[in-house]
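In this note's numbering, the protein residues as written are 662 to 1133. Everything on this sheet refers to the single structure shown next.
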Ligand SMILES: CC(C)(COP(=O)(O)OP(=O)(O)OC[C@H]1O[C@@H](n2cnc3c(N)ncnc32)[C@H](O)[C@@H]1OP(=O)(O)O)[C@@H](O)C(=O)NCCC(=O)NCCS
């Protein structure tokens, strides 16, 4: 009797929870709490066999289930809408935007540990979340910060490799060169050469990934100091966390800039698997190339103007508006400028549109909220706000743009510019540092789950023509 009463009480509680989304959310967060006392590697070690079994079951029970049709449009149109990748760390909803292991950006801002109460999430916490699906405690995040700091030293030959390039080389070229030089230390390559068994691939991948994530801020900062400042290295400050240290090594110590960098590194880290940089990293790693080789390849994709370089293009474009029309530009003048841009050789309005998203990017929204809190009067922020009103109707008028709304890159530049990081040509490097967290987290799971070599089928136009003729 007591048993039945408690079962009925439990089911009442369950239905009450289901009716009250905030309680439901709290329960979900409670379930997502990381078990205290466990470090990141032990937690992963515990999870991997369960997840391997889960994948095995999925394959054996549902391996032949169809996920959709492939059309000629998809083959010609960059595989848009074609489901073809397994990516565990995050999932992108066209309307809602990104969820990191199920958590939206506002939820991450609420539940991930911060440097101070109510502050922006620490990127180390996001790394933990991406890798394990669990929300770490502040102590766990602090110990991961220390772990990363202990891995952050840079061999001298990395600086020498960068120095071999002219200082005028694009910062992304210099950054990727530095990452390639770091590859010399790859644990995965050493272990593979020694004949490590497949079941252990994830272990040196984990070491390489954490080393890489730990080292990229120092390499990136060196590129910044070399190209735009006096070339002197600012050493790590051991009292600071990952995001704050990155800002410090670049030469920016304003506490608000430290908060911005924490937010920046958190939100740029991962955007599911099909975007150019994530997909490239995953593809290259599928050949068992180590994390350094894979991540350097990903960076080369990020350096394209339709992807990561858009953040550079946005600030340069905004500054060109100010140069030509002044800061107090009217709405009509701004409309004319946008049309002029579209009719010029440039063709796209940078910072607007997306391959998957169909609403305003929540990464844009959280940066806008940061600006409203910390720099509401900044003239460039006000111009960004005006663009938010002016650009979407114009893009809709073009009649072909699927998403007229702003993406992450439409906002980041003016925030950095406000705190003194004004050199737009450097911005994609910041994006790259953050991407190391998402791409490497998934690479660890790629090896843990034994994911296959990527090898989709390609066809010629003639093949398509013949296929379509016969299909009629
Ligand atoms: C992100 C982007 C590459 C997505 O491309 P996509 O998936 O092909 O987008 P769509 O399906 O909406 O593209 C359809 C058409 O609209 C155009 N379009 C898309 N976004 C546009 C923009 N911001 N300005 C002008 N035209 C745009 C495309 O170039 C394409 O034109 P085409 O048929 O003449 O080649 C695209 O929106 C873009 O170039 N945006 C500007 C660059 C940018 O901000 N990149 C960062 C993304 S996070």
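All C-beta atoms in this analysis are idealised placements derived from N, C-alpha and C, irrespective of residue type, glycine included.
Using a Cβ distance threshold of 8 angstroms, residue 708 and residue 796 do not count as a contacting pair.
By the criterion of a C-beta distance shorter than 6 angstroms, residue 1102 is surrounded in its chain by 750, 791, 792, once the five residues flanking it on both sides are discounted. For residue 1068 and residue 1116, the gap between their C-alpha atoms comes out near 31 angstroms. About 15 angstroms separates the Cβ atoms of residue 956 and residue 884, ruling out a contact at the 8 angstroms cut-off. Assignment of residue 1042 by DSSP, reduced to helix, strand and coil, places it in the helix class.
Placement of the Cβ of residue 1011 at a distance of less than 7 angstroms from at least one heavy atom of ligand 1 is found. Residue 870 and residue 812 have their C-alpha atoms some 11 angstroms from each other. Distance from the CA atom of residue 984 to the CA atom of residue 909, rounded to whole angstroms, is 31 angstroms. In this structure, the C-beta of residue 741 approaches ligand 1 to less than 7 angstroms from one of its heavy atoms. For residue 940, the number of other beta carbons within 10 angstroms of its own is at least 16, and it is reported as buried.
In its chain, beyond the 5 residues on either side, 802, 805, 806, 903 have a beta carbon closer than 6 angstroms to the beta carbon of residue 785. Comparing alpha-carbon positions, the option among 697, 699, 715, 695 lying closest to residue 1109 turns out to be 715.
Between ligand 1 and residue 1069, a heavy atom-to-CB distance of less than 7 angstroms is present. Of the other Cβ atoms in all chains shown, fewer than 16 fall within 10 Å of the Cβ of residue 737; this residue is therefore exposed.
For residue 760, no alpha helix (DSSP H) encloses it; the enclosing beta strand (DSSP E) starts and ends at 758 to 761. Per DSSP, reduced to three states, the secondary structure at residue 983 is helical. Counting of Cβ neighbours within 10 angstroms places residue 779 among the exposed residues, the total staying below 16. Around the Cβ of residue 948, a 10 Å sphere holds fewer than 16 other Cβ atoms; the residue is exposed. Using a cutoff of 7 angstroms, the CB of residue 973 does not count as near ligand 1, since none of the ligand's heavy atoms is closer than that. As the crow flies, the alpha-carbon of residue 854 is around 25 angstroms from that of residue 705. For residue 963, same chain residues with a beta-carbon under 8 angstroms away, outside a window of 5 residues either side, are 833, 937, 938, 969, 970, 1089, 1092, 1093, 1096 in chain order. Within 7 angstroms of the C-beta of residue 967 there is at least one heavy atom belonging to ligand 1. Sequence-distant Cβ neighbours of residue 733 in its own chain, meaning closer than 7 angstroms and more than five residues away, are 1125, 1129. Within 10 angstroms of the beta-carbon of residue 863 lie 16 or more other beta-carbons, which makes it buried. Judged by DSSP secondary structure, residue 847 falls outside any alpha helix (DSSP H); it is assigned neither H nor E.
In the structure shown, residue 721 adopts helical secondary structure according to DSSP, grouped into three states. Rounded to the nearest whole angstrom, the CA to CA distance from residue 849 to residue 866 is 6 angstroms. DSSP places residue 734 in the uninterrupted alpha helix (DSSP H) bounded by 733 to 737.
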